[in-house]
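For the protein sequence lines, the chains are Y and L, in the order given. If you count the first sequence from 1, position 163 lands on 163 in the working numbering, and the numbers rise without skipping. All you need for the working numbering is the position in the second sequence, starting with 1, plus 388. Remarks on the structure that follows.
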Amino acid sequence: MTGLRAATAIVGIAEAVSPTGELDQRGLALEARMIREALADAGLGIGDVDGLCYGGNPSGMAEFLGIHPRFLDGTAVGGSSYELHVEHAAAAIAAGLCEVVVGVYAATPRSDRKRSSGNNGPRRFGPPPPGMEWEMPYGLRGPIGSYALSASRHMAEYGTTSEQLAQIAVDTRRWAALNPSARHRDLITIDDVVGSPMQASPLHLLDCCLVTDGAGAFVLTSAERAADLARPPVYVLGAASASDHGSSMTQMPDLTTTAGAVSGPAAFSTAGVTPPEVDLLMGYDSFTITALLHLEDLGFCAKGEGGEFAADGKLGPGGSLPMNTNGGGLSCTHPGQYGMFLIVEAVRQLRGEAGDRQLDGPEVAVAHGSGGVLSTMGTVVLGTEATR
Amino acid sequence: MKLMEPRDDERHEPFWTATREGILMLPWCNECDAAFWYPRPVCPRCLGDDLGWRAAEGTGVVYAVSVQHRPGTGRDVDDGPYAVAVVSLPEGVRMLTNVIGCDPGDVVVDMAVTVAWHELSDGRQLPMFEPGSQPTTRE
Chain Y
1 MTGLRAATAI
11 VGIAEAVSPT
21 GELDQRGLAL
31 EARMIREALA
41 DAGLGIGDVD
51 GLCYGGNPSG
61 MAEFLGIHPR
71 FLDGTAVGGS
81 SYELHVEHAA
91 AAIAAGLCEV
101 VVGVYAATPR
111 SDRKRSSGNN
121 GPRRFGPPPP
131 GMEWEMPYGL
141 RGPIGSYALS
151 ASRHMAEYGT
161 TSEQLAQIAV
171 DTRRWAALNP
181 SARHRDLITI
191 DDVVGSPMQA
201 SPLHLLDCCL
211 VTDGAGAFVL
221 TSAERAADLA
231 RPPVYVLGAA
241 SASDHGSSMT
251 QMPDLTTTAG
261 AVSGPAAFST
271 AGVTPPEVDL
281 LMGYDSFTIT
291 ALLHLEDLGF
301 CAKGEGGEFA
311 ADGKLGPGGS
321 LPMNTNGGGL
331 SCTHPGQYGM
341 FLIVEAVRQL
351 RGEAGDRQLD
361 GPEVAVAHGS
371 GGVLSTMGTV
381 VLGTEATR
Chain L
389 MKLMEPRDDE
399 RHEPFWTATR
409 EGILMLPWCN
419 ECDAAFWYPR
429 PVCPRCLGDD
439 LGWRAAEGTG
449 VVYAVSVQHR
459 PGTGRDVDDG
469 PYAVAVVSLP
479 EGVRMLTNVI
489 GCDPGDVVVD
499 MAVTVAWHEL
509 SDGRQLPMFE
519 PGSQPTTRE
């Protein structure tokens with residue numbers, strides 16, 4: 001079961017994020033540019049690519065790129081798709097199915113809304129859920145309402161407070177202040193968060209992620225091939241995923257525990273890493289409650305103690321568990337599916353390329369994505385040469 | 389209260405017909421001898437298709453609740469904030485619903501609720517819940 005450990009490495013990344021929240025390009029042009037830049041970062045060309053991860057139609061994308069892949073992954077489970085892509089691609093490379101896999105994501109909801117083009121790219125959520133009949137009439141605002149229900153239950157069961165959730169937004173903004181690409185960089189206080197307009201109780205406006213344009217890509221290859229490429233390899237030490245419902249919160253077994261309680265320990269086990277050894281957590285923060293649940297489910301603290309754990313500011317700059325150093329979905333960027341940016345920032349930090357927000361020699365980073373409405377979790381443990 | 393009316397799906401005819409009488413039916417697996425929610429063509433426990441419908445007690449307990457301060461799809465902002473809850477039924481299923489008949493802010497986790505009905509334009513009724521532990525019937 002340890003065949004995955006350090007068998008592959010991320011050797012190239014690219015990202016397009018703007019402080020305006022908007023990008024000039026979109027669609028296939030933007031996706032192609034991300035792929036080109038990630039390959040250039042790796043010192044590879046499109047001709048080297050024999051595998052493609054794309055949460056739309058991967059054969060259509062392959063045709064557009066003019067490549068003939070022997071590995072395709074069209075997994076589209078929402079925001080965590082990109083963690084699942086790394087997991088699946090790493091397994092495929094380790095098994096000898098292919099050698100160089102590229103994964104890409106782009107979405108431009110912010111500028112699309114202005115253009116009112118009606119073309120938001122491929123839909124990535126599959127067929128319409130049965131909720132049309134049994135849930136739509138009740139007017140749960142999507143997606144925030146589902147997360148609000150989870151937060152409601154967490155508060156009732158464990159005494160978690162709005163102020164504790166707010167601390168996550170505050171610390172994430174402190175990181176964003178150090179990232180020139182982040183959308184929002186002005187510092188905020190707990191009072192700002194709990195005083196911002198209530199959206200779906202108990203979640204306020206500043207408990208919610210942004211809506212911006214954004215795009216990114218990664219290149220993954222075998223550890224052998226990675227050894228003589230342009231950048232220091234960032235090894236995939238472990239990866240795992242798990243899902244416990246689709247789109248209905250009535251089907252989630254426990255609204256306070258996500259499938260990350262399965263994917264997290266599985267990925268850590270493969271990696272041979274424990275939570276205290278993690279130098280950076282890139283934990284999907286669509287809402288403050290999302291990030292709080294990750295802290296518990298991945299084992300950084302016990303179930304129910306996430307609020308208290310986060311309350312002392314340890315997730316921010318200078319803290320003992322740096323989380324979302326790019327400013328996260330809460331303050332940097334969130335084009336609808338944020339998982340790609342978790343990977344890009346983790347790689348950047350492990351390479352020592354994160355500028356003013358660079359951590360001091362991090363060796364282990366975790367990118368943990370959440371897709372759907374706390375539905376499908378993907379955990380990727382990444383490491384440097386030192387932890388290989 | 390404006391909302392998106394669910395279509396009258398013939399596969400779920402026993403459910404919607406019963407709502408006209410103020411009876412909440414649950415899909416039932418005869419193999420597992422247990423209810424499930426939401427209705428679907430196979431039992432989500434055993435994948436069996438020997439299914440039927442049985443009347444629920446019509447009571448429940450709030451498992452989680454969120455007041456929507458900005459309306460979801462199909463709702464009217466003029467109707468003001470409203471409570472969306474996941475309610476646990478004694479039959480062992482959880483339903484998404486609205487809790488009505490009180491200030492939405494007063495709906496809390498672990499509150500006992502009873503089925504209440506919202507009439508649709510074609511005479512069917514949409515099950516909702518209201519505070520209280522005694523079964524109520526409409527009219």
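Ideal placement from N, C-alpha and C gives every residue a C-beta, glycine not left out.
Simplified DSSP assignment, three categories, for residue i
i	result
L/Trp-505	strand
Y/Val-49	coil
Y/Arg-153	helix
Y/Met-34	helix
L/Pro-519	strand
Y/Val-380	strand
L/Arg-399	helix
Y/Thr-160	coil
L/Pro-394	coil
L/Ala-443	strand
Y/Thr-8	strand
L/Val-569	In the structure displayed, chain L extends from 389 to 527; residue 569 of chain L sits before or after that span and is not available.
L/Phe-424	coil
Y/Ile-13	strand
Y/Tyr-54	coil
Y/Val-170	helix
L/Met-389	coil
Y/Gly-145	helix
Y/Gly-307	helix
L/Val-449	strand
Y/Leu-39	helix
Y/Gly-260	helix
Y/Leu-281	strand
Y/Leu-315	coil
Y/Pro-322	coil
Within-8 Å CB hit, residue i to chain L
i	result
Y/Ala-156	yes
Y/Pro-233	no
Y/Pro-109	no
Y/Arg-351	no
Y/Trp-175	no
Y/Gly-304	no
Y/Pro-137	yes
Y/Met-198	yes
Y/Leu-220	no
Y/Ala-148	yes
Y/Gly-145	yes
Y/Arg-113	no
Y/Ala-140	Note on residue identity: the sequence assigns Leu, not Ala, to residue 140 of chain Y. By this cut-off, Y/Leu-140 is an interface position.
Y/Arg-123	At Y/Arg-123, the pLDDT of 44 sits below 50, so the modelled position is not reliable; the number obtained from the coordinates is stated separately. For Y/Arg-123, the answer is no, since every Cβ of chain L falls outside 8 Å of its Cβ.
Y/Pro-130	yes
Y/Leu-23	no
Y/Gly-118	With a pLDDT of only 46 at Y/Gly-118, under the threshold of 50, the placement of this residue in the model should not be trusted; the figure read from the coordinates follows. Taking Cβ atoms only, chain L never reaches closer than 8 Å to Y/Gly-118, which makes this a no.
Y/Leu-429	Residue 429 of chain Y is absent from the structure shown; chain Y starts at 1 and stops at 388.
Y/Glu-63	no
is_contact[residue i, chain Y] using C-beta, thresh 8 Å
i	result
L/Leu-391	yes
L/Val-453	yes
L/Arg-442	no
L/Met-413	no
L/Ala-406	no
L/Leu-514	yes
L/Pro-380	An answer regarding residue 380 of chain L cannot be provided, because it is not within the stretch 389 to 527 covered by chain L.
L/Leu-484	yes
L/Asp-397	yes
Presumed contact (8 Å Cβ cut-off) between residue i and residue j, rounded CB distance
i	j	result
Y/Met-252	Y/Leu-374	7 Å
Y/Met-249	L/Leu-477	With a Cβ gap of about 15 Å, Y/Met-249 and L/Leu-477 do not count as contacting.
Y/Glu-83	Y/Gly-369	4 Å
Y/Leu-39	Y/Leu-52	Incorrect: roughly 12 Å between the Cβ atoms, too far for contact.
Y/Ala-151	Y/Leu-203	6 Å
Y/Ala-7	Y/Met-34	At roughly 25 Å, the Cβ-Cβ gap does not stay under 8 Å, so Y/Ala-7 and Y/Met-34 are not in contact.
Y/Val-102	Y/Val-219	5 Å
Item to complete: Give, in chain order, every unbroken run of the beta strand (DSSP E) that is at least 3 residues long and sits entirely within the stretch 181–252 of chain Y.
Response: 198–200, 214–222 and 234–243
Discussion item. Please give me, in chain order, every unbroken run of the beta strand (DSSP E) with length at least 3 that falls completely inside the stretch 451–513 of chain L.
Written reply: 470–476, 482–487 and 500–507
Item to complete: Please specify which runs of the beta strand (DSSP E), each continuous and at least 3 residues long, are wholly inside the stretch 326–374 of chain Y, giving them in chain order.
Response: 364–371
Worksheet item: Just by C-beta distance, which residues in the stretch 460–473 of chain L are closer than 7 Å to chain Y?
Response: Gly-460, Thr-461, Gly-462, Arg-463, Tyr-470 and Val-472
Discussion item. Give me the subset of the stretch 419–449 of chain L whose CB atoms are less than 9 Å from a CB atom of chain Y, sorted by chain position.
Written reply: Trp-425, Tyr-426, Pro-427, Arg-428 and Pro-432
Worksheet item: Using Cβ-Cβ distances below 9 Å, what residues of the stretch 478–506 of chain L are close to chain Y?
Response: Val-481, Arg-482, Met-483, Leu-484, Thr-485, Asn-486, Pro-492, Gly-493, Val-496, Val-497, Asp-498 and His-506
Discussion item. Could you tell me which whole alpha helix (DSSP H) segments of length 4 or greater appear in the stretch 60–129 of chain Y?
Written reply: 81–94 and 109–115
Worksheet entry | Residues in the stretch 280–295 of chain Y having any Cβ partner in chain L nearer than 9 Å | none
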